[in-house]
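Note sheet for the following structure.
Number of protein chains: 2
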Amino acid sequence: MTGGRDEGGADLAPPPGESPIIVLVRPQLGENIGTAARAMANGGLFHMRIVAPRDGWPQPYAWRAASGADKILDHATIHPTVADAVADCHRVFATCPRPRHIVIPVRTARAAAEDLREINGRGLRTAVLFGPERAGLENDDMARADTLVRYPLNPAHMSLNLAQAVMILAYEWWTAVETTPPRYLMTNETAVATKGEIDGLMGRLISELDASGFLDNTAKRPGMVRNLSHWFQRGEVTVQEVRTLHGVVSELSKGRMRRGRIPDDAS
Amino acid sequence: MTGGRDEGGADLAPPPGESPIIVLVRPQLGENIGTAARAMANGGLFHMRIVAPRDGWPQPYAWRAASGADKILDHATIHPTVADAVADCHRVFATCPRPRHIVIPVRTARAAAEDLREINGRGLRTAVLFGPERAGLENDDMARADTLVRYPLNPAHMSLNLAQAVMILAYEWWTAVETTPPRYLMTNETAVATKGEIDGLMGRLISELDASGFLDNTAKRPGMVRNLSHWFQRGEVTVQEVRTLHGVVSELSKGRMRRGRIPDDAS
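These protein sequences, in sequence, are chains A and B.
Heads up: the first sequence begins at -8 in the working numbering, then just goes up one per residue.
Heads up: the second sequence begins at -8 in the working numbering, then just goes up one per residue.
Here it is in structure tokens:
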């Protein structure tokens, strides 16, 4: 993570539970980054992260288009990948109008905003991904998200400007001050794992599966890895569960090895 | 009233009751007119009227920014005054963030959209006024309106781009009848697994873990099994994922066994 213009702040991560971080993924035009910041300010969102901006950073056009929302740009951080941008987040929503062959819970913008209020209200750190202007998010970006946000809009004209997409979410965030939690996870003495912790577990699992030959089909490998990732993203895995699952992966691998050595023990 | 590019249509007034007419009052930048048209298309609004555009009409910048919403611009009509633009309308709403010393009913964007749906549903012709980029509507413009629309937004940063203002109204117009369930799981060609299918997977996993010795601590065993079960219950596991996870359990166990037999293969 590298800081934006404000080089002073060492760690610019917002305190958990404050408000969602808006993550612009590979945005193309500086002007759109600026108008997105303006829209964020309109809706009371203040934390921006930018993944691999096409034209580098900082870009003067962004500040010119921000109409007073300069502070958001001043504190924006730049990240090489989506994984890096969301590593310290507990929940990641992705906005995407296109149908995908993935299994992921889908929310309208309004329901997503209510969810985000509720999740932030539990003291978790959340992020919302917005794809580049034309192309939208890639499948590998989506595999970092646990929830898909789909705006209800005219199906004959879905193409939404980046800043407009941010505007709608920011507007719904602002209006969703309703506080009755529609859903919450009882975590008891443990906590919800961050995306970085899930990545760590996924990395372990993938390397074990690579070693076992399960992922030898190179054509199918990326899709299989994404499928596993999507499953891990759902349902707010807890820190305790991540720990247990690390143990499960280790033991499944080692246990059979022991049995391989002492075949009589196997059945 | 003078026609836009489509000079053929004598009277381009939409049939009463169809959808609100968006009236841009003295807009300054052609680009903003274009992005406003795009936002209208996103939300299913198709009738645009423009009062005294600063730079004349038509403006190529508008079409360039419309991203496929050309038809709206093609059919937009130009009017010298607000009074002329709304002369054939039954109800006129005005969007304006500034407090005014006037007595007028005020609606949020959402309530306004619901009102408009209801009013249009009664076969009346409606219009919504949007002021110029910086100045906003003048008092004389407001005097043509019967209802004020005020967006609930961050009071510390109310300044809204023209297209953003149109976007929010268009979005609320569309969602006022929208029937997308607020949350659903996109399962593609697969289906959500039954609890029995999850039990089957859990049974496999537990017996592998028993074999490996992972669950040897009899005091902790029931709690650990329950924890795993709780995690599997969350997030609507699909049939396809259950199948993949069966494969994962098998392969993790077998792969290491193979490596156990041929140690040189291991690293």
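From the three backbone atoms N, C-alpha and C, an ideal C-beta is built for every residue, glycine too.
Asked                                                                                                                                                           : Found
Given this structure, state the Cα-to-Cα distance separating I12/B from V42/B, to the nearest angstrom.                                                         : 13 Å
For chain A, check one thing: does any of its Cβ atoms lie closer than 8 Å to the Cβ of N152/B?                                                                 : yes
If you check the beta carbons only, do G34/B and Y162/B fall under 8 Å apart?                                                                                   : yes
What's the gap between the Cα of S10/B and the Cα of G114/B?                                                                                                    : 10 Å
Using a Cβ cut-off of 8 Å, which residues of the segment 6 to 32 of chain B contact any Cβ in chain A, in chain order?                                          : T26, R29, A30 and A32
Using a cut-off of 7 Å between C-beta atoms, extract the partners of E109/A located in chain C.                                                                 : Any reference to chain C falls outside this structure, whose protein chains are A and B.
Ignoring anything shorter than 4 residues, give me the alpha helix (DSSP H) runs that lie fully in the segment 106 to 138 of chain A, in order along the chain. : 130 to 133
What are the residues of the segment 181 to 195 of chain A that lie near chain B, defined by any Cβ-Cβ distance shorter than 8 Å?                               : none
Pop quiz: A136/B and F84/B are said to be a contact at Cβ under 8 Å. What is the actual Cβ separation, rounded to whole angstroms?                              : 6 Å
Say whether chain A places a C-beta atom closer than 8 Å to the C-beta of I159/B.                                                                               : yes
Taking the straight line between their C-alpha atoms, what separation do you get for R125/B and T117/B?                                                         : 25 Å
Under 8 Å Cβ-Cβ, which residues of chain A neighbour N179/B?                                                                                                    : H92, I93 and V94
Would M177/B and I93/A be called neighbours here (beta carbons separated by less than 8 Å)?                                                                     : yes
If we require 4 or more residues per run, which alpha helix (DSSP H) segments fall completely within the segment 2 to 88 of chain A?                            : 21 to 33, 51 to 56, 61 to 65 and 73 to 77
Per DSSP, which one or two residues make a beta bridge with I95/A?                                                                                              : M177/B
Considering only residues of the same chain and omitting the five flanking positions on each side of T26/B, which have a CB-CB separation below 7 Å?            : A56 and A154
Have a look at E169/B, L192/B, H38/B and V228/B and flag the residue whose alpha-carbon is nearest the alpha-carbon of S241/B.                                  : L192/B
Answer yes or no: does any C-beta atom of chain A fall closer than 8 Å to that of V42/B?                                                                        : no
State the Cα-Cα distance for the pair R17/A and R45/A, rounded to the nearest angstrom.                                                                         : 6 Å
Report all residues from its chain with a CB closer than 6 Å to the CB of P88/B; omit the five preceding and five following residues, and keep chain order.     : M149
To which residues does DSSP link T229/A through a beta bridge?                                                                                                  : V183/A
Could you check if P254/A is buried or exposed, using at least 16 other CB atoms within 10 Å of its CB as the buried criterion?                                 : Here the model assigns P254/A a pLDDT of 38, short of 50, so the residue's position is not dependable, and the following value carries that caveat. So P254/A ends up on the exposed side.
Please list the terminal residues of the continuous alpha helix (DSSP H) segment that includes R141/A.                                                          : R141/A -> no alpha helix (DSSP H), and no H or E assigned at all.
Straight-line CA distance for S203/B to V119/A?                                                                                                                 : 41 Å
Is the beta carbon of I159/A sitting closer than 8 Å to the one on M158/B?                                                                                      : yes
On the CB-based measure, 16 or more other CB atoms within 10 Å of its CB, does S58/B come out buried or exposed?                                                : buried
What is the DSSP secondary structure of A210/B, reduced to helix, strand or coil?                                                                               : coil
Report the rounded CA-to-CA distance for R247/B versus G226/A, giving the unit in angstroms.                                                                    : Note that R247/B scores a pLDDT of 48, beneath 50, so its modelled location is shaky; the value from the coordinates is reported in the next line. R247/B and G226/A: Cα-Cα distance of roughly 29 Å.
Please list, in chain order, the residues of the segment 51 to 65 of chain A that have any C-beta partner in chain B closer than 8 Å.                           : S58, G59 and A60
Is the beta carbon of S244/B less than 8 Å from the beta carbon of E199/B?                                                                                      : yes
Using a Cβ-Cβ cutoff of less than 6 Å, which residues in the same chain neighbour I95/B once the five nearest sequence positions on both sides are dropped?     : L139
What does L120/A touch in chain B if you count any residue whose Cβ is under 7 Å from its own?                                                                  : None at all; the shortest Cβ gap to chain B is about 16 Å.
At a CB-CB cut-off below 8 Å, which residues of chain B make contact with G315/A?                                                                               : This structure cannot speak to residue 315/A, because chain A is shown only from -8 to 258.
Please report how far the alpha carbon of G8/B lies from the alpha carbon of I63/B, in whole angstroms.                                                         : 18 Å
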